[in-house]
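J.:
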Amino acid sequence: MHKNNQSVKQGDKLLKMPGKLDRGPIEFRSHIAESEGEIMGIATRDVISVPPTMTILSAVETMTEYGFRRLPITDAGTRRLRGIVTARDSIDFLGGGDRFNLVRVKHNGNLLSAINESVREIMTQRVTTIPHTASIAEVTRMIVDKKIGGLPIVDDEEALAGIVTERDVMKALATEETDVIVEEIMSTSLRVAGPDTPIGTVTSRMITHGFRRLPLVSDDVLYGIVSASDIMKYLGSGEVFRRLSTGDVAEVMALPVRTLVSGDLFTTVPGANINDAALKMLQKKVGALPVIEDGRLIGLITEFDLVKAFSEE
């Protein structure tokens, strides 16, 4: 009992340092716009989208299967964008924010029941989009100014034409050599959690503070890092249901967050060049790197940090 209390207390501190149903149709983009901007050269064109009638479970399973952080929701016939569901929306639904009311209030805490509601219940409806004629510079400004991780691209009929992400932009911009090092752009005020902090506490903290990921620290040593995508995969892989016996969401959200941490932990050092940090993120397919010095966590560098830094060079 003492260990759990200690972990929750540690998680509150601020670290300062220098049942599957029908999946429904899944659509792939095949139409190519007649007049395209340079953004289409780095964007994903064959975009998977799903209809608003698909269940939450099937949508999250689709994201988990393909490794997506976001999934456009479109009308089946016109492919007009109706919304988007993200990894963040899924952790909001599991207990982090307002979408949790669908489970807690409408379904009396029964996750097995709530998960079969349609995805329109948790999707973000007001979606920021960009036209297929946009330049990379325009998209970069939008990502930096609005702090958006991914943007659906629409054609002249407002139909889904592609999607571009922070990672796509970072990959394009990182080809330019720079002398900037990780220490100059990393975040140094980090909220952290202990590895024994309940998953539900972590999801709530992520939504409250707008985090996509949270470092896990034990006795001032980095244990791992958990992301919104890790928590989403907990649901989409079916692991939640293997651990669920009563159907009550509180049962699985009370488990320690270390349950979700994989054995792989990729880090960087404060003196590394940001080109090298970007290359490591691309190779390892991660959205952030903890920054380690003398065996201790001193910061975090993300894809967003790199896009912003490269755009300012």
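Mapping to the numbering used here: the sequence shown position 239 is 245, numbers consecutive. Cβ coordinates follow ideal geometry from the N, Cα and C atoms, glycine included.
1) By the 10 Å Cβ neighbour count, where 16 or more other Cβ atoms means buried, how is residue 235 classified, buried or exposed?
2) Once DSSP output is grouped into helix, strand and coil, what is the label at residue 95?
3) Where residue 107 and residue 123 are concerned, what is the direct C-alpha to C-alpha distance, given to the nearest angstrom?
4) Is it buried or exposed for residue 172, if we count other Cβ within 10 angstroms and need 16 for buried?
5) Can you tell me where the alpha helix (DSSP H) holding residue 317 begins and where it ends?
6) Rounding to the nearest angstrom, what Cα-Cα distance links residue 76 and residue 133 in this structure?
7) Which partner residues does residue 299 have in the DSSP bridge list?
8) Suppose you measure from the CA of residue 193 to the CA of residue 307; what does that come to, to the nearest Å?
9) By the three-class DSSP mapping on this structure, what secondary structure does residue 270 have?
10) Note the first and the last residue of the continuous alpha helix (DSSP H) segment covering residue 214.
11) Spell out whether any CB of chain D is found under 8 Å from the CB atom of residue 85.
12) Using a Cβ-Cβ cutoff of less than 8 Å, which residues in the same chain neighbour residue 305 once the five nearest sequence positions on both sides are dropped?
13) Could you give the distance in angstroms between the alpha-carbon of residue 262 and the alpha-carbon of residue 85?
14) Per the contact definition of three or more C-beta pairs closer than 8 Å, is the segment 217 to 227 in contact with the segment 243 to 251?
15) To the nearest whole angstrom, what separates the beta carbons of residue 65 and residue 91, a pair I think is in contact under 8 Å?
16) Spatial neighbours of residue 241 within its chain, please: CB distance less than 7 Å, with the 5 preceding and 5 following residues excluded, ordered by chain position.
17) Using the beta-carbon count (16 or more within 10 Å), is residue 147 buried or exposed?
18) Whether or not the segment 271 to 290 and the segment 308 to 317 are in contact is what I'm after, with contact meaning three or more pairs of Cβ atoms, one per stretch, closer than 8 Å; do they touch?
19) Which residue wins for smallest C-alpha separation from residue 48, given the options 302, 176, 109, 219?
20) Specify the secondary structure class of residue 174 as computed by DSSP and reduced to three states.
21) Within 10 Å of its beta-carbon, does residue 18 have 16 or more other beta-carbons around it, so buried, or fewer, so exposed?
T.: From the atom records:
1) Result: buried.
2) Helix at residue 95.
3) The alpha-carbon of residue 107 is positioned some 13 Å away from that of residue 123.
4) When all chains shown are included, residue 172 counts as buried.
5) Counting along the chain, the unbroken alpha helix (DSSP H) around residue 317 starts and ends at 309 to 318.
6) Answer to the nearest angstrom: the Cα atoms are 12 Å apart.
7) Its beta-bridge partners are 302.
8) Spanning the two alpha carbons is a distance of roughly 6 Å.
9) Three-state result, residue 270: coil.
10) Element bounds for residue 214: 205 to 215.
11) Going by chain labels, chain D is absent from the structure shown, which holds only one protein chain.
12) Closer than 8 Å at Cβ, skipping near neighbours: 23, 188, 189, 192, 193, 194, 196, 276, 296, 297.
13) About 40 Å.
14) They do not touch, by the three-pair rule.
15) Right, the Cβ-Cβ distance comes to about 6 Å (below 8 Å), so this counts as a contact.
16) Correct list, in chain order: 66, 96, 100.
17) The Cβ neighbour count for residue 147, taken over all protein chains shown within 10 Å, is under 16; the residue is labelled exposed.
18) Between the segment 308 to 317 and the segment 271 to 290, the count of Cβ pairs shorter than 8 Å is three or higher; the stretches touch.
19) Out of 302, 176, 109, 219, the CA that lies nearest to the CA of residue 48 is found in 176.
20) Of the three classes helix, strand and coil, the one that applies to residue 174 here is helix, per DSSP.
21) Note that residue 18 has pLDDT 37, beneath the 50 cutoff, so the model's placement of it is unreliable and the number below is only indicative. Exposed: under 16 other Cβ atoms inside 10 Å.
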